[in-house]
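Its first residue numbered 1083, the sequence shown is counted upward by one per residue in the numbering used here.
C-beta atoms are modelled at their ideal positions from N, C-alpha and C, and glycine is treated no differently.
In this text the structure is predicted, and so the values were computed from the model without any measurement.
Below is one structure; the comments refer to it alone.
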Amino acid sequence: MRPAAHHTALAAAIRSLASEKSPGCLLDAQGTFLFVNEAWERHAAENGGGPGCFGEALIGTRWLDHIHGDEVRQRYAALLQRALDASVPRPRTVTQVSECNTPSIAALLSTRLDAVLEGGEAVGVRVVHALVRERPIGEVYEVVYRPLAAYRDAEGRLTQCSCCRRLRDPGAPEQWDLVLEGLARPAPAAQALCGYCAELHVGGGAA
């Protein structure tokens, strides 16, 4: 492949994302951030994102390096590979549904991944996040008001679902609770996936 052609395909994807109203980014075929759009920056600012959530910190870093928890990272690595593989024999969109919950709002998001092609070869992936619906958090989950200390295991660690943000109850490992304190004042926690999100959301998208 001629480098100029490669750059032309990626430049076209950047122009497309720049006009996109939903948060979006462009990754190269190795999963490195090449571009994030204005909607991404705005969403990060409006939702209290730290410095590492903005383009200045992301560009040139690997997408998967920003995903915490081995299980979660492996699933997203598989998702990225599915998007790259979906270019053969004809381009197909890979979609995934996930959650973005706050103390007051339960948001359902759809992520669309499209391979960027040049000469039939995937040279990158265009990623766009779109809001599907928002509902009051209490209509989706039973909000629990127990202290965070009740969710620490014998070693003092919290385990949180990286998708819905519920906490695992160490006394009943199959139970995950939406703890208000954990949403309002996030504490360091090991990232995993609850059974619900593992089955219905993360890694469960269709091509």
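Leaving out five residues on either side along the sequence, give the residues of the same chain with a beta carbon under 8 Å from the beta carbon of residue 1205.
-> Answer for residue 1205: 1083, 1088, 1091, 1092, 1110, 1111, 1198, 1199, listed in chain order.
Answer with yes or no whether the minimum CB distance from residue 1186 to chain D is below 8 Å.
-> The structure shown has no chain D; it contains just one protein chain.
Can you give the Cα-Cα distance for residue 1213 and residue 1177, rounded to whole angstroms?
-> Whole-angstrom Cα-Cα distance: 13 Å.
Using the Cα positions of residue 1181 and residue 1248, report the straight-line distance between them to the nearest angstrom.
-> Cα to Cα, residue 1181 sits roughly 11 Å from residue 1248.
According to the neighbour-count rule (16 or more other Cβ atoms, all chains shown, within 10 Å of its Cβ), is residue 1229 buried or exposed?
-> Taking all protein chains in view, the Cβ of residue 1229 is surrounded by fewer than 16 other Cβ atoms within 10 Å, so the residue is classified as exposed.
Proximal residues to residue 1288 (C-beta, below 7 Å), its chain only, five neighbours per side dropped = Residue placement at residue 1288 is poorly supported in this model, since its pLDDT is 40, which falls under 50; the coordinates are not used for a value here.
Local Cβ density within 10 Å of residue 1158, reported as buried at 16 or more and exposed below that = Buried, by the Cβ-count rule.
Have a look at residue 1222 and residue 1191 and give me their C-alpha separation to the nearest angstrom.
-> Approximately 14 Å between the Cα atoms of the pair.
The stretch 1245 to 1264 contacting the stretch 1120 to 1138, beta-carbon criterion three pairs below 8 Å = Because the criterion of three Cβ pairs below 8 Å is not met, the stretch 1245 to 1264 and the stretch 1120 to 1138 do not touch.
Roughly how far, in whole angstroms, is the beta-carbon of residue 1118 from the beta-carbon of residue 1166, given that I think they are within contact range, below 8 Å?
-> Between residue 1118 and residue 1166 the beta-carbon gap is near 19 Å, outside 8 Å, which marks them as no contact.
Contact under 8 Å by Cβ, residue 1104 with residue 1179 = Cβ distance not < 8 Å, so residue 1104 and residue 1179 don't count as in contact.
Cut-off 7 Å between Cβ atoms - residues of its own chain near residue 1095, not counting five sequence neighbours on either side | The beta carbon of residue 1095 sits closer than 7 Å to the beta carbons of 1108, 1198, 1206, 1208 from its chain, once the five residues preceding and following it are set aside; these are given in chain order.
Rounded to the nearest angstrom, how far is the Cβ of residue 1116 from that of residue 1149, given a contact under 8 Å?
-> The distance from the Cβ of residue 1116 to that of residue 1149 is about 17 Å, inconsistent with a contact at the 8 Å cut-off.
How is the alpha helix (DSSP H) around residue 1128 delimited, first residue to last?
-> 1120 to 1128 is the extent of the alpha helix (DSSP H) around residue 1128.
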